[in-house]
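J.: In terms of full-length UniProt numbering, the sequence shown is residues 1 to 78. Every residue, glycine too, gets a C-beta built ideally from N, C-alpha and C.
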Amino acid sequence: MVVNIDDIETVAVVGAGQIGRGIGAVAVLTGYGTTITSSISHSGDADFVTEAAVEQQAVKQYIFADLAKNRPEGSIGG
Numbered sequence: 001m002v003v004n005i006d007d008i009e010t011v012a013v014v015g016a017g018q019i020g021r022g023i024g025a026v027a028v029l030t031g032y033g034t035t036i037t038s039s040i041s042h043s044g045d046a047d048f049v050t051e052a053a054v055e056q057q058a059v060k061q062y063i064f065a066d067l068a069k070n071r072p073e074g075s076i077g078g
């Protein structure tokens with residue numbers, strides 16, 4: 001799937017710590033509708049979903065498994 005970056009209007013950041021809030025702030029300042037959340041289920045219909053969770057392997061594995069199942073159809077995730 002090829003996505004044109006100009007088609008991205010909304011961003012969701014999973015992880016509301018220092019890094020997540022920083023990513024979210026940059027997204028807002030560049031004009032994207034932005035959600036910062038601790039749950040993928042709250043990422044809404046974001047065009048781009050990223051994670052900024054604690055650096056623990058089990059947490060990352062859980063988030064990426066949840067992202068694979070629950071991120072919005074047609075969104076970019078990573």
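1) Write down the C-beta distance between Ser43 and Ala12 rounded to the nearest angstrom, noting that I regard them as a contact closer than 8 Å.
2) Taking the beta carbon of Gly15 as the centre, do at least 16 other beta carbons fall within 10 Å, making it buried, or is it exposed?
3) For Glu51, which option in Ala58, Asp45 and Ile36 has the closest C-alpha, if you only look at C-alpha atoms?
4) Taking the Cβ atom as the reference point for each residue, do Glu9 and Gly33 lie within a distance shorter than 8 Å?
5) Starting from the C-beta of Val28, find all residues in its chain whose C-beta is less than 8 Å away, skip the five residues before and the five after it, and write them out in chain order.
6) Taking 8 Å as the threshold (C-beta atoms), are Asn70 and Gly41 in contact?
7) Provide the residue(s) that pair with Gly33 in DSSP beta bridges, ordered along the chain.
8) Give a yes or no on whether the C-beta atoms belonging to Val3 and Ile63 are separated by under 8 Å.
T.: Judging by the given coordinates:
1) At roughly 4 Å, the Cβ-Cβ gap stays under 8 Å, so Ser43 and Ala12 are in contact.
2) The residue in question, Gly15, is buried, as its Cβ has 16 or more Cβ neighbours within 10 Å.
3) Nearest option by C-alpha distance: Ile36.
4) Cβ atoms of Glu9 and Gly33: closer than 8 Å.
5) The answer, listed in chain order, is Thr34.
6) The amino acid at residue 41 is misidentified as Gly; the sequence shows Ser. Ser41 is a Cβ neighbour of Asn70, given a cutoff of 8 Å.
7) Answer is Thr10.
8) Not in contact: Val3 and Ile63 (Cβ atoms no closer than 8 Å).
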